[in-house]
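**Student:** Before I ask anything, let me first share the structure, which is written out below as structure tokens.
See below:
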């Protein structure tokens with residue numbers, strides 16, 4: 042494992058900064074599932090459409106650039122990416138994402154879903170490259186089927202993931218979901 046992490050190269054896994062210009066990957070992937078290393082800074086921000094030192098913002102741009110047209114992505118982001126209004130980089134990156142991709146869904150996860158490793162409040166963004174966003178389906182998971190403690194023991198009974206999966210295909214409305222039109226998102 043140490044050889045893989047340090048990038049010895051024998052298995053085609055290399056240690057590089059994926060945001061650097063030398064890690065240029067454009068229009069390559071049909072599907073990307075990932076999450077960025079939160080709250081980092083980068084010196085490569087000037088190489089992207091929305092320049093910034095905020096690596097969270099650059100990482101989102103890198104994902105879109107790496108997707109083929111009509112490629113899809115699911116990325117877990119810290120809620121600050123969705124709600125931060127003081128930093129122009131977050132606002133401009135969200136605007137750029139909505140213009141260059143169809144943001145299909147924002148799935149809000151409960152605080153503690155990644156215990157014991159991290160306690161940050163997060164959401165999953167699901168988007169497709171190539172069309173701009175017209176409306177977004179929001180879904181809030183309050184119960185993922187496990188205790189929201191560092192022990193994460195299973196809970197008995199139905200959880201919100203069951204409801205999410207039942208409503209996913211037609212993006213149905215439920216007690217945990219709603220739609221927002223792009224005009225309302227732009228105005229707020």
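Residue numbers (the working numbering): 42 to 229. Even glycine gets a Cβ: it sits at the ideal position worked out from N, Cα and C. As the structure is a prediction and not an experimental result, all values here were calculated from the model.
1. Does the beta-carbon of residue 77 have 16 or more other beta-carbons within 10 angstroms, so that it is buried, or is it exposed?
2. So, for residue 134: in the same chain, excluding its five sequence neighbours on each side, which residues have a beta-carbon less than 7 angstroms away from its beta-carbon?
3. Following the continuous alpha helix (DSSP H) through residue 141, name the residue where it begins and the one where it ends.
4. State whether the region 188–195 contacts the region 108–126, with contact taken as three or more CB pairs (one from each stretch) at a distance under 8 angstroms.
5. Ignore the nearest five residues each way along the sequence and tell me which others in residue 94's own chain have a CB closer than 7 angstroms to its CB.
6. With hydrogens ignored, establish whether the beta-carbon of residue 212 is closer than 7 angstroms to any heavy atom of the ligand COA.
7. By the three-class DSSP mapping on this structure, what secondary structure does residue 161 have?
8. Return the residue from the list 206, 63, 204, 186 that minimises the CA-CA distance to residue 198.
**Tutor:** If we stick to the structure as given:
1. Within the chain shown, numbered from 1, the residue matching residue 77 stands at position 36. Result: buried.
2. Along the chain shown, one-based indexing puts residue 134 at 93. These residues qualify, in order along the chain: 91, 98, 101, 102.
3. As a working mapping, residue 141 is identified with position 100 in the chain shown. Where residue 141 is concerned, the enclosing alpha helix (DSSP H) stretches over 129–141.
4. no
5. Translated into the one-based positions of the chain shown, residue 94 becomes position 53. Excluding sequence neighbours, residue 94 sits near 82, 83, 86.
6. For the structure depicted, the ligand COA is absent and the ligand set is empty, with no information on it obtainable.
7. One-based indexing of the chain shown puts residue 161 at position 120. Looking at residue 161 - three-state DSSP - the assignment turns out to be coil, as it is neither helix nor strand.
8. Here residue 198 refers to the residue found at position 157 when the chain shown is read from its first residue. The residue with the shortest Cα to Cα distance from residue 198 is 186.
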